[in-house]
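Student: This is the structure, below, for whatever I ask next.
There are 2 protein chains.
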Amino acid sequence: MKESKVKKEKQEKGSWVTYRPEIKIVDCSVRDGGLMNDHKFEDGFVKKVYDTCVSAGVDYMELGYKADKKIFSPTQYGKWKFCDEDTIRKVVGDNKTSLKLCVMADAERTDYHTDILPKSKSVLDCIRVATYIHQIPTAIDMVKDAHNKGYETTLNLMAISIVQDRELDDALAALAKTPVGTIYLVDSFGALYSEQIKDLTLKYLKAMEGTGKQVGIHAHNNQQLAYANTIEAIICGANRIDATINGIGRGAGNCSLELIMGFLKNPKFQIRPVLECVQETFIPLQHQMEWGYNIPYMITGQLNLHPRAAIKIRASDKKDDYVSFYDQMIEEE
Amino acid sequence: MKESKVKKEKQEKGSWVTYRPEIKIVDCSVRDGGLMNDHKFEDGFVKKVYDTCVSAGVDYMELGYKADKKIFSPTQYGKWKFCDEDTIRKVVGDNKTSLKLCVMADAERTDYHTDILPKSKSVLDCIRVATYIHQIPTAIDMVKDAHNKGYETTLNLMAISIVQDRELDDALAALAKTPVGTIYLVDSFGALYSEQIKDLTLKYLKAMEGTGKQVGIHAHNNQQLAYANTIEAIICGANRIDATINGIGRGAGNCSLELIMGFLKNPKFQIRPVLECVQETFIPLQHQMEWGYNIPYMITGQLNLHPRAAIKIRASDKKDDYVSFYDQMIEEE
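So the protein sequences, as listed, match chains A and B. Per the numbering used here, residue 34 is the first one in the first sequence, and the count goes up by one each step. Per the numbering used here, residue 34 is the first one in the second sequence, and the count goes up by one each step.
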């Protein structure tokens, strides 16, 4: 697959028979999937995903959040909402593999000074700071904190489809001056089309030019475009790719790991362990919880809305009442 | 949605708030869906799709095939495999609507001289000739026959992902000289990526330059790219768009009509009747027959193979045995 047609950065261009070694995959199955069950996955499930990532040559695995226990009760949420060091080590030990581990830290919902340990005391490799546009100052402080503690960092600027151009330009200029390693384009509502992904990826790359920072892509499948938009971002130069096994994730889910592995040609990526994991673990799990493309998600995606109303209707006895849902969404516009 | 960034032809460019009126939608639900049940749909189902297309502002509806009864037995296949004039009229009457009707005629499987009536005796508006690359001479004769009988025509060149460039160039040059109205890019195996769709659409457009012919796109969803690739073809200049309600179609199915209607901004297209039809007719139908994206189709798509092996395994008791299927496909490569 031709992994790059736009050569804005110094990076090597992939061709139909070569590949771009800079491209790294982040598996978000446990973190994004955890949004469906309040992060109450059993250790065996997390271990299975971990083993799969190791075998498949995935570069990073995201385990959950570092949520503030003063805001979120540990009696209400599962342990992968907090990702205490002990919780993680119980599954991965000292992680003597080439797979790097990361967690997400939400701006304004994380007691980062306390809960993010110095790197020397943690098996984690990377802190991913998630932020809305108005939280950027807090997010930058979190990036600096994690960087100073010795971690790789990413900044995931969410809900980009409702951010105005001027604010985005300001934010990117500010982020370019921070020590963050990767800036993510996040299509939280699954609302963006390929041309918008292209324009945004190029904008992010331009804003980071000369800083050595990478651009990442995190896509949702509300309009069945998560994989296609991920490819588009790669073609434009994004090198950090979020995906999940079988597309697991809240609502319409994410870009499937097995799909993106079919596109990338780096021989270190192995699709077979992913297929095995889908077959043995994710297909049975789908009998207990629903994720993936569905018409209510398509409707919120088309309208550039948060999928919460679609998630709600899919959990109700009106889950296939598309017309009422459409009428309701149009009325609220 | 920006419906065109490449302006190779004289056609108007769409913008984010305007639309390209030349874009026409062809609903293939009954024809492509019929490949799953040997075209044994009941009249009520076909009428429901017909009424939906009329209400939704769809431009064309494809009813089935004009198969040769000497080759395909009417006792084995349903009536929509043959689309006799009486069969069609029983559902659509004289079709006093703006919806145009079409059928598909396969090269070497159609007794076209006999079975395609003069336009004056038929409620059909358009004959879609489907052909593999080696059948082009027959297909051209079929196009001429239909054209001379008074029909609009399209030529659907199938399995393009395994056709060599030189042969394709020859075929396009030959087709440019025929009276055919539209040449279709058909990704039969759901194997093409957006960059290939772009290159091919531009190639088709260039070959047809100055002839007034349109280029069409017929995509399959094996890699969850049917909608994305349809958008890509539209952006490059394709104006004839095949889609099906709820993505119905053999195997991984087609580009969903409700998805593409969310992208196109022409106010004549109405998504609500399509949602109603999905809810009332297609969701119940999905309890009887399976279509849509699934991992075995992904595997054949990634390997650029006909989906027949995937269709077979999905109909067996090993339908979720992805690893064995993958091993088998790799071995056969």
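Glycine included, each C-beta is placed from N, C-alpha and C at the ideal position. Note that the structure is a prediction, hence the values are computed from the model and not measured.
1) Using a C-beta cutoff of 8 Å, does residue 351(A) count as contacting chain B?
2) Can you tell me which of 193(B), 190(B), 113(B) and 179(B) puts its alpha carbon nearest to the alpha carbon of residue 159(B)?
3) Where does the unbroken alpha helix (DSSP H) through residue 319(B) begin, and where does it stop?
4) Are the stretch 223 to 240 of chain B and the stretch 295 to 312 of chain B touching, with three or more C-beta to C-beta distances below 8 Å?
5) Measure the C-alpha to C-alpha separation of residue 122(A) and residue 335(B) and round it to an integer number of angstroms.
6) From residue 350(A) to residue 329(A), what distance separates their C-alpha atoms?
7) From which residue to which residue does the beta strand (DSSP E) around residue 247(B) run?
8) Can you tell me which of 293(A), 303(A), 302(A) and 287(A) puts its alpha carbon nearest to the alpha carbon of residue 327(A)?
9) Could you check what DSSP says for residue 287(A) in three-state terms: helix, strand or coil?
10) Using a Cβ cut-off of 8 Å (strictly closer), state whether residue 41(B) contacts chain A.
11) Enumerate in chain order the residues of its own chain whose CB-to-CB distance from residue 363(A) is below 6 Å, with the five nearest sequence positions on each side excluded.
12) Can you tell me whether residue 199(A) is helix, strand or coil according to DSSP?
13) Report the rounded CA-to-CA distance for residue 356(B) versus residue 305(A), giving the unit in angstroms.
14) Measure the beta-carbon distance from residue 99(B) to residue 115(B) and round it to whole angstroms, keeping in mind my assumption that it falls under 8 Å.
15) Does the separation of the CB atoms of residue 230(A) and residue 262(A) fall below 8 Å?
16) Where DSSP assigns a beta bridge to residue 59(A), which residues make up the other side?
17) Could you pull the start and end residues of the alpha helix (DSSP H) that residue 174(A) belongs to?
18) Under DSSP, the alpha helix (DSSP H) around residue 264(B) begins and ends at which residues?
19) Could you tell me the alpha carbon to alpha carbon distance between residue 301(A) and residue 90(A), rounded to whole angstroms?
20) For residue 98(A), would you say it is in contact with chain B, using Cβ-to-Cβ distances shorter than 8 Å as the test?
21) Between the beta-carbon of residue 59(A) and the beta-carbon of residue 274(A), is there less than 8 Å?
22) Are there 16 or more other CB atoms within 10 angstroms of the CB of residue 361(A), so buried, or fewer, so exposed?
23) Against chain A, which members of the stretch 221 to 242 of chain B pass a CB distance test of less than 7 Å?
24) Got a sec? Which residues, its chain only, sit under 7 Å from residue 244(A) by beta carbon, not counting five neighbours each side?
25) Tell me which residues share the same chain as residue 81(A) and place their Cβ nearer than 8 Å to its Cβ, disregarding the 5 neighbours each side in the sequence.
26) Is it buried or exposed for residue 146(B), if we count other Cβ within 10 angstroms and need 16 for buried?
27) Please name the residue or residues paired with residue 159(A) in a DSSP beta bridge.
28) Who are the Cβ neighbours of residue 83(B) in its own chain at under 7 Å, not counting the five residues just before and after it?
29) Quick one: what's got a C-beta closer than 7 Å to residue 152(A)'s C-beta in the same chain, skipping five residues either side?
30) Tell me, please, whether the CB atom of residue 364(B) is closer than 8 Å to any CB atom in chain A?
31) Look at the Cβ atom of residue 253(A), then the Cβ atom of residue 220(A), and state whether they are nearer than 8 Å.
32) Which class does residue 130(B) belong to by DSSP, given the choice of helix, strand or coil?
33) Output the distance between the C-alpha atoms of residue 78(A) and residue 204(B), rounded to the nearest integer angstrom.
34) Consult DSSP for residue 65(B) and reduce its assignment to one of helix, strand or coil.
35) If distances are taken between C-alpha atoms only, which option among 331(A), 199(A), 68(A) and 319(A) comes closest to residue 420(A)?
36) So, residue 189(B) versus residue 55(B), is the Cβ gap smaller than 8 Å?
Tutor: Let's see:
1) Taking the first residue of the first sequence as 1, we reach residue 351(A) at position 318. Chain B, which has no Cβ nearer than 8 Å to the Cβ of residue 351(A), makes this no.
2) One-based indexing of the second sequence puts residue 159(B) at position 126. Of the candidates 193(B), 190(B), 113(B) and 179(B), the one whose C-alpha sits nearest the C-alpha of residue 159(B) is 179(B).
3) In the second sequence, residue 319(B) corresponds to position 286, counting from 1. It spans 316 to 319 - the alpha helix (DSSP H) in which residue 319(B) sits, taken as one unbroken run.
4) no
5) Counting from one through the first sequence, the residue named residue 122(A) turns up at place 89. Counting from one through the second sequence, the residue named residue 335(B) turns up at place 302. If you draw a straight line from the Cα of residue 122(A) to the Cα of residue 335(B), it comes to about 37 Å.
6) Position 317 of the first sequence, counted from the first residue, corresponds to residue 350(A). Position 296 of the first sequence, counted from the first residue, corresponds to residue 329(A). Between residue 350(A) and residue 329(A), the C-alpha separation is close to 14 Å.
7) Here residue 247(B) is taken as the residue at index 214 of the second sequence, counted from 1. Unbroken beta strand (DSSP E) run through residue 247(B): 247 to 252.
8) As a position in the first sequence, residue 327(A) is number 294, starting the count at 1. Measuring from the Cα of residue 327(A), the nearest candidate turns out to be 287(A).
9) The residue given as residue 287(A) occupies position 254 in the first sequence. Judged by DSSP in its simplified three-state form, residue 287(A) adopts strand.
10) As a position in the second sequence, residue 41(B) is number 8, starting the count at 1. Confidence at residue 41(B) is low in this model, with a pLDDT of 43, below 50, so the placement of that residue should be treated as unreliable; the coordinate-derived value is given next. Not closer than 8 Å to any Cβ of chain A, the Cβ of residue 41(B) fails to qualify, so no.
11) As a working note, residue 363(A) is residue 330 in the first sequence. No residues qualify anywhere along the chain.
12) Stepping through the first sequence from its first residue, residue 199(A) is reached at position 166. Note: residue 199(A) maps to helix in three-state DSSP.
13) Here residue 356(B) refers to the residue found at position 323 of the second sequence. Here residue 305(A) refers to the residue found at position 272 of the first sequence. Between residue 356(B) and residue 305(A), the C-alpha separation is close to 7 Å.
14) Position 66 of the second sequence, counted from the first residue, corresponds to residue 99(B). Position 82 of the second sequence, counted from the first residue, corresponds to residue 115(B). About 7 Å separates the two Cβ atoms, so the contact holds.
15) Start at 1 with the first residue of the first sequence, and residue 230(A) comes out as number 197. Start at 1 with the first residue of the first sequence, and residue 262(A) comes out as number 229. Yes; because the gap between Cβ atoms is below 8 Å, this pair is in contact.
16) Here residue 59(A) corresponds to residue number 26 of the first sequence, with the count starting at 1. Residue 59(A) is bridged to 93(A) and 275(A).
17) In the first sequence, the residue the question calls residue 174(A) occupies position 141. Unbroken alpha helix (DSSP H) run through residue 174(A): 169 to 181.
18) Within the second sequence, the letter at position 231 stands for residue 264(B). For residue 264(B), the enclosing alpha helix (DSSP H) covers residues 259 to 269.
19) As a working mapping, residue 301(A) is identified with position 268 in the first sequence. As a working mapping, residue 90(A) is identified with position 57 in the first sequence. So the two alpha carbons sit approximately 5 Å from each other.
20) Here residue 98(A) corresponds to residue number 65 of the first sequence, with the count starting at 1. So, not an interface residue.
21) Here residue 59(A) refers to the residue found at position 26 when the first sequence is read from its first residue. Here residue 274(A) refers to the residue found at position 241 when the first sequence is read from its first residue. In this structure, residue 59(A) sits near residue 274(A), with a CB-CB distance shorter than 8 Å.
22) Residue mapping note: residue 361(A) aligns to position 328 of the first sequence, counting from 1. With fewer than 16 Cβ atoms within 10 Å of its Cβ, residue 361(A) is classed as exposed.
23) 226, 227 and 228
24) Stepping through the first sequence from its first residue, residue 244(A) is reached at position 211. Correct list, in chain order: 209.
25) The count along the first sequence starts at 1 and reaches residue 81(A) at position 48. For residue 81(A), where only same-chain residues beyond five positions count, the Cβ hits under 8 Å are 310, 313 and 314.
26) Translated into positions along the second sequence, residue 146(B) becomes position 113. Under this definition residue 146(B) is an exposed residue.
27) Translated into positions along the first sequence, residue 159(A) becomes position 126. According to DSSP, residue 159(A) bridges with 135(A) and 185(A).
28) Translated into positions along the second sequence, residue 83(B) becomes position 50. If we look at residue 83(B) and ignore the five residues flanking it on each side, its Cβ neighbours are 94, 124 and 125.
29) Here the question's residue 152(A) lines up with position 119 in the first sequence. Within the same chain, residue 152(A) has close Cβ partners 182, 183 and 184.
30) Locating residue 364(B) in the second sequence gives position 331, where the first residue counts as 1. No, residue 364(B) does not count as interfacial toward chain A.
31) Taking the first residue of the first sequence as 1, we reach residue 253(A) at position 220. Taking the first residue of the first sequence as 1, we reach residue 220(A) at position 187. It is a contact, given that the beta carbons lie within the stated cut-off.
32) Stepping through the second sequence from its first residue, residue 130(B) is reached at position 97. Coil at residue 130(B), not helix or strand.
33) If you number the first sequence from 1, residue 78(A) lands on position 45. If you number the second sequence from 1, residue 204(B) lands on position 171. Approximately 53 Å, taken between the alpha carbons.
34) Numbered from 1 along the second sequence, position 32 holds the residue referred to as residue 65(B). Residue 65(B) falls in the helix class under three-state DSSP.
35) Outside the displayed range of chain A (34 to 366) lies residue 420(A), so it cannot be described from this structure.
36) Indexing the second sequence from 1 puts residue 189(B) at position 156. Indexing the second sequence from 1 puts residue 55(B) at position 22. Their beta carbons are not under 8 Å apart, which means residue 189(B) does not touch residue 55(B) by this criterion.
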